[in-house]
Amino acid sequence: MLLKLPFTYLIAFLLMMWSSLTHGQKVDDLHIPPADYPLPELLSQLAAQNIKLAYSTDKLPRIKVTIPHSPISLNEVLQLLKSHRVYHHQVSETITLTYKPPRTFTLQGIVRDAENGEVLIGASIQKVGTTSGSITNNYGHYSLTLEEGTHVIGVSFIGFKRQLDTIRLAQNLNLNFDLQPMTEQLTEVIVSAKEPDFNVESIIPGINTMDLSTKGQIPYFLGEVDILQGAALLPGINTLGEDANGLNIRGGGVDQNLILLDEATVYNPNHLFGLISVFNPEAVNNVEIMKGFVPPSYGGRASSVITVHQKEGDDQNYHITGGIGLVSARFIAEGPIKKEESSFILSGRQSLFNISLDDGNRSSFQDVNAKINWKFNKRNTFYASGYFGNDRSQNTFETVRNWGNRNFSLRWNHLHTPRLFTNFSAIVSQYNYRITQPREAASFVGNSRIIDYTLKSDWSFTLSPNQHFEFGGNLILHRLKPGDRIPFDEDSSSDSLLLDTEHGLETALYASHETQLFSRLKLLYGFRFSSLHTIGPEEVYLYAANKPRNDENIVDTISYDQGKVAQSYFGFEPRVSAAFRVNETSTLKASYSKNIQYLHLISNTITPSPTDIWKLSDTHIAPTVSNHYSLGYYKNFKENVWESYLDIYYKQISDLIAYKNGADLLFNENPETELLNGTGRAYGMELFIKKNKGRYTGWLSYTLSRSEVQVAGPFEESTINNGDYFPADHDRRHDISLVNIYQFTPRLSGSFSFNYNSGRPYTLPEGKYYYEGNVIPLFGKRNNNRLPDYHRLDLSIKWEGRTVKKDGSPKKWRDYWTLVVYNVYGRDNVYSYIFDENESSGNTSVTPYSIFDSVIPAITYHFKL
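Numbering follows the UniProt record's numbering, with no gaps: position 525 of the sequence shown is 525.
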């Protein structure tokens, strides 16, 4: 008994001490109301109930802990914290909390079409049930860093079945996804986001992705499916008319758009004077239009960026695709060089006959696209792609014009680590123009050319699911031949004129960081540092101070030897875009971009044409600089069946090129004497509503905008409209496009599109005078009148052949027909006015000129084998 009594006391004492050390109070006497608590708030609740804690605030995670019931034991609370990797250690009555972050590993790979091996640009890879995700880049590559453990990964892309995979991530993992195309009949959406919720998920405002995987759902001119025609149906994008080169985007000129085909610059994106683009839709994989915020990886233009990526070719099977219409015939061959390792694609188009665009002017075109790729191993892929295009036009005076683009790209994709991806590119871009005028006394042959040699490197680094970096640089050597003129033959009275070739070195370095600051706020910011150096041999004319810049006021000439720098410009271009997620279906986006443009398109006409020449910034012509602000509200409805946005923008432009009245720029040795320096401003509102799914799809786009120019020089001849703002040549107040598509049966669909534009401005002569027997018009204020409003209705019907045989097996030969009726009610849309003087009466007649003034039906046939 004497021994047992002290032992009993000892056991009781130890139990009391253990209870004190582990609980500090009774097991069930913590009264914390059930709720989701941010960790700091929960720790405050514990401290208020006399729990002694020690921790470092800045080292604890930003988490919420759910208290399921009350009262609750301290041990339960500590176990809840442990489930969030917040561990405890107790010394005496003090509990020390420490956070041990989980190990992370990177999942990376390529997302492809399972049927043909084409990479899917813009596919979504996401950890199911979270916001952690990644988007494939322009080469189909993704990188997603996640915590160690088991995850369910969802991979999706529009037009493909969503794929769910469960993975155990215990190390860096290379995992490619091959998505199966949807087999059921889908209603086509020609212009669509990359993903159904891309409209609200994307951090970049004012971006559109065009899906050309299916054809014929909206009516195109003469049935020719065309990228630029489709782009003109979007808000903020228009053209000067049917017979005009290029696009005007948010009040910018056609030269202010950077158009890239497999990273090579396309200087003239049109065939047939603007009726058809140079991009063969059958050879195109992806088209992206950035009309608002421009990421720092792009530069060199003041307005927007259009990127076009060619298909890579089926690496599984051989295919032949083709078609024929009233305008052209097309043919495509693709297939594996070595299955699943390398492939090729070769495509071509040829106009079927000389197309008459107006009285006596007949035109034709042809183009060829080619591309091969080689997957050397999991870390290295090589690409080679090229484009060759040519147009020819001849009028009744036998004047022949030839023009065309030549592009060639070599690219190397290299995966350094699962998180670090690099693309190296070597690119040649060329545009040529030639005119032969044989019948006049001063008959001549003229040539102009621009050629670029580009080296670039782009790096992409994923630090975490919410931290992504891009950086890189490029170097472009410009060679511009503004024009040569030589006599057509020995009988010609024309003089030879060889204008000096311009040389320039354009460089750029850039960096950007995309991050998720809070659960609802994403931020993308960065900069671009660019420069231009004009290089000799070059002669620079100096003009008298305080006098107009013209030939009479040349006072000296400075000569620069070969390789010497004549003029340098440097520019810093900050860019920032933010997206605030209001709720699951809506986002507020804001952005700012500064863009610098060192190249200028010098035009002899109001509407751009193939005869226009490109000019480098130099001693007398400064780079164009734009500051672009935008704010938009993006909203999806009914589980992304409907999407919409309302965007407002404001753009300031400095050092904008304008022209003197009667400027003569063809074969001009001193073009700066015909050019003026101006400023511009463009602002507006864009509304877009689109239905993505169902038998009925389509969209409505509306743009309310204004684009103005101010030229206020120190002299009367360098001032336009007394220095007041006046409408730009491409200014349109209202622009409406309505597209409706209906799937009647799995094989039959129909659509219509309606376009309405306010009339664009033009300058109306206010009088005339005679000089040496010639009639010279007297012009008043620049762009003092407007053409009539433009509107047009087009219809289209698409009939698809059977895709399966009678026994249910798939057919190898697939085809479809399209019937298009262009300008259904024969609207005579005025393109310009022609002013003629009657020699006998002296009266001046005004004749409206239209490109198309009648109904134009067309039928096309497409097949794939």
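Backbone N, C-alpha and C define an ideal beta-carbon position, used for all residues, glycine too.
Subject >> Option in Ser56, Gly122, Thr106 with minimal Cα separation from Leu97 >> reply: As a first step, residue 97 must be located in the sequence shown, where it is residue number 97. Nearest neighbour of Leu97 by Cα position, chosen from Ser56, Gly122, Thr106, turns out to be Ser56.
Original post:
Can we say the segment 487-496 touches the segment 537-548, given the rule of at least three CB pairs closer than 8 Å?
Top reply: Result no; under three Cβ-Cβ pairs closer than 8 Å.
Original post:
Of the residues Pro810, Tyr387, Ile337, which one's Cα is nearest the Cα of Ser347?
Top reply: As a working mapping, residue 347 is identified with position 347 in the sequence shown. It is Tyr387.
**OP:** Ignoring anything shorter than 3 residues or poking outside the segment 776-817, list the beta strand (DSSP E) runs there in chain order.
**Re:** For the beta strand (DSSP E) assignment, the uninterrupted runs of no fewer than 3 residues enclosed by the segment 776-817 are, from N- to C-terminal side, 790-800.
Original post:
In chain order, which continuous runs of the alpha helix (DSSP H) of length 4 or greater are located wholly inside the segment 543-618?
Top reply: Annotation note: the segment 543-618 contains no uninterrupted alpha helix (DSSP H) run of length 4 or greater.
Original post:
Could you give the C-beta distance for Ile427 and Ala658, rounded to a whole number, given that I count them as a contact under 8 Å?
Top reply: What you label residue 427 is simply residue 427 of the sequence shown in a count that begins at 1. What you label residue 658 is simply residue 658 of the sequence shown in a count that begins at 1. Between Ala658 and Ile427 the Cβ distance is about 32 Å, and since that is not below 8 Å, they are no contact.
Original post:
Less than 8 Å separating the beta-carbons of Asp794 and Tyr822?
Top reply: Indexing the sequence shown from 1 puts residue 794 at position 794. Indexing the sequence shown from 1 puts residue 822 at position 822. Going by beta carbons, Asp794 and Tyr822 fall inside the 8 Å limit.
Subject >> Spatial distance of Lys798 from Leu748 (CA atoms) >> reply: As a first step, residue 798 is located in the sequence shown; it is residue number 798 there, counting from the start. As a first step, residue 748 is located in the sequence shown; it is residue number 748 there, counting from the start. In a straight line, the C-alpha of Lys798 is about 6 Å away from that of Leu748.
Original post:
In terms of residue numbering, what span does the alpha helix (DSSP H) encompassing Glu288 cover?
Top reply: As a working note, residue 288 is residue 288 in the sequence shown. For Glu288, no alpha helix (DSSP H) segment is defined; the enclosing uninterrupted segment is the beta strand (DSSP E) at 284-290.
Subject >> Reference Pro61; option with closest CA among Ile435, Lys805, Leu39, Gln394 >> reply: Counting from one through the sequence shown, the residue named residue 61 turns up at place 61. The option with the nearest alpha carbon to Pro61 is Leu39.
**OP:** Please report the residue range of the alpha helix (DSSP H) in which Ile621 lies.
**Re:** Locating residue 621 in the sequence shown gives position 621, where the first residue counts as 1. Where Ile621 is concerned, there is no enclosing alpha helix (DSSP H), because DSSP gives it neither an H nor an E.
Original post:
Taking Leu233 as the reference, which of Leu738, Ile110, Asp836 has the closest Cα?
Top reply: Indexing the sequence shown from 1 puts residue 233 at position 233. Measuring from the Cα of Leu233, the nearest candidate turns out to be Leu738.
**OP:** Output yes or no for whether 8 Å exceeds the beta carbon distance between Tyr650 and Pro235.
**Re:** Residue 650 sits at position 650 when you count from the first residue of the sequence shown. Residue 235 sits at position 235 when you count from the first residue of the sequence shown. Not in contact: Tyr650 and Pro235 (Cβ atoms no closer than 8 Å).
Original post:
Who are the Cβ neighbours of Asn550 in its own chain at under 6 Å, not counting the five residues just before and after it?
Top reply: Sequence index remark: in the sequence shown, residue 550 carries index 550 (1-based). For Asn550, where only same-chain residues beyond five positions count, the Cβ hits under 6 Å are Thr673.
Subject >> Integer-rounded CB distance, given that Phe408 should sit under 8 Å from Lys371 >> reply: As a first step, residue 371 is located in the sequence shown; it is residue number 371 there, counting from the start. As a first step, residue 408 is located in the sequence shown; it is residue number 408 there, counting from the start. The pair is not a contact, with the Cβ atoms about 11 Å apart (cut-off 8 Å).
Original post:
Over what stretch of residues does the beta strand (DSSP E) that includes Gln366 continue unbroken?
Top reply: Taking the first residue of the sequence shown as position 1, residue 366 is located at position 366. Gln366 -> beta strand (DSSP E) spans 361-375.
Original post:
If you draw a straight line from the alpha carbon of Phe744 to that of Arg695, how long is it in whole angstroms?
Top reply: As a first step, residue 744 must be located in the sequence shown, where it is residue number 744. As a first step, residue 695 must be located in the sequence shown, where it is residue number 695. In a straight line, the C-alpha of Phe744 is about 7 Å away from that of Arg695.
Original post:
Between Trp374, Asn317, Phe365, which lies nearest to Glu341 when the distance is taken from Cα to Cα?
Top reply: Counted from its first residue, the sequence shown places residue 341 at position 341. The candidate whose alpha carbon is nearest that of Glu341 is Trp374.
Original post:
Thinking just about the alpha-carbon of each residue, which of Val327, Ser304, Leu463, Asp612 is nearest to the one in Ile450?
Top reply: Counted from its first residue, the sequence shown places residue 450 at position 450. Minimum Cα distance to Ile450 is reached at Asp612.
**OP:** Find out if the Cβ-Cβ distance for the pair Tyr431, Asn405 is shorter than 8 Å.
**Re:** Position 431 of the sequence shown, counted from the start, is the residue given in the question as residue 431. Position 405 of the sequence shown, counted from the start, is the residue given in the question as residue 405. Contact check for Tyr431 against Asn405 passes: the beta carbons are separated by less than 8 Å.
Original post:
So Asn755 is in the alpha helix (DSSP H); what residue range does that whole segment cover?
Top reply: Counting from 1 along the sequence shown, the entry for residue 755 is found at position 755. Residue range 748-757 is occupied by the beta strand (DSSP E) that includes Asn755, with no alpha helix (DSSP H) assigned at that position.
Subject >> Own chain residues within Cβ distance below 7 Å of Lys26, not counting five before or after >> reply: On the sequence shown, residue 26 is found 26 positions in, with the first residue counted as 1. Below a pLDDT of 50, predicted positions are generally treated as unreliable, and Lys26, at 46, falls in that range; the measurement from the model is reported next regardless. No residues qualify anywhere along the chain.
Original post:
Should the segment 724-737 be regarded as contacting the segment 200-212, the criterion being three or more beta carbon pairs within less than 8 Å?
Top reply: Contact fails: fewer than three Cβ-Cβ distances are below 8 Å.
Original post:
Do you know how far the Cα of Ala329 is from the Cα of Lys402?
Top reply: For the purposes of this step, residue 402 is taken as residue 402 along the sequence shown, with counting starting at 1. For the purposes of this step, residue 329 is taken as residue 329 along the sequence shown, with counting starting at 1. For the sequence presented, residue 402 should be read as Asn rather than Lys. Rounded to whole angstroms, Asn402 to Ala329 spans 20 Å at the Cα level.
Original post:
Tell me the DSSP bridge mates of Ala426?
Top reply: Looking up residue 426 in the sequence shown gives position 426. According to DSSP, which records beta bridges pairwise, Ala426 is partnered with Leu410, Leu455.
**OP:** Please go through the same chain and pick out, in chain order, the residues whose beta-carbon is closer than 8 Å to the beta-carbon of Ser70, but skip the five residues on each side of it.
**Re:** As a working mapping, residue 70 is identified with position 70 in the sequence shown. The answer, listed in chain order, is Leu30, His31, Ile32, Pro33, Pro34.
Original post:
Is it right to say Asp556 is buried, meaning 16 or more other beta carbons lie within 10 angstroms of its own, or is it exposed?
Top reply: Residue numbering aside, residue 556 sits at position 556 when the sequence shown is read from its first letter. Asp556 counts as exposed, since fewer than 16 other C-beta atoms from the protein chains shown sit within 10 angstroms of its C-beta.
Original post:
First and last residue of the alpha helix (DSSP H) that includes Leu42?
Top reply: Locating residue 42 in the sequence shown gives position 42, counting from the first residue. Per DSSP, Leu42 belongs to the alpha helix (DSSP H) from 39-48.
**OP:** Decide if His862 is buried, meaning its Cβ has at least 16 other Cβ atoms within 10 Å, or exposed.
**Re:** Here residue 862 refers to the residue found at position 862 when the sequence shown is read from its first residue. Under this definition His862 is a buried residue.
Original post:
Taking buried to mean at least 16 other C-beta atoms within 10 Å of its own C-beta, is Glu93 buried or exposed?
Top reply: Indexing the sequence shown from 1 puts residue 93 at position 93. Glu93 is exposed by the Cβ-count criterion.
Subject >> Cβ pair Val119, Gly133 closer than 8 Å >> reply: Here the question's residue 119 lines up with position 119 in the sequence shown. Here the question's residue 133 lines up with position 133 in the sequence shown. No, Cβ-Cβ distance for Val119 and Gly133 is not below 8 Å.
**OP:** Go ahead and pull the three-state DSSP assignment for Val77.
**Re:** Indexing the sequence shown from 1 puts residue 77 at position 77. Three-state DSSP puts Val77 in a helix.
Original post:
Residues in its own chain within less than 7 Å of Asn784 by CB, not counting five upstream and five downstream?
Top reply: Start at 1 with the first residue of the sequence shown, and residue 784 comes out as number 784. These residues qualify, in order along the chain: Thr763, Leu764.
**OP:** Could you check the C-alpha separation between residue 871 and Leu240 for me, to the nearest Å?
**Re:** With the chain covering only 1 through 865, there is no way to say anything about residue 871.
Subject >> Under the three-state DSSP convention, the category Asp255 falls into >> reply: As a position in the sequence shown, residue 255 is number 255, starting the count at 1. In this structure, Asp255 counts as helix in the three-state DSSP scheme.
Original post:
Measuring CA to CA, which of Leu599, His620, Thr624, Asn636 is closest to Asn583?
Top reply: In the sequence shown, the residue the question calls residue 583 occupies position 583. Among Leu599, His620, Thr624, Asn636, the Cα nearest to that of Asn583 is on Asn636.
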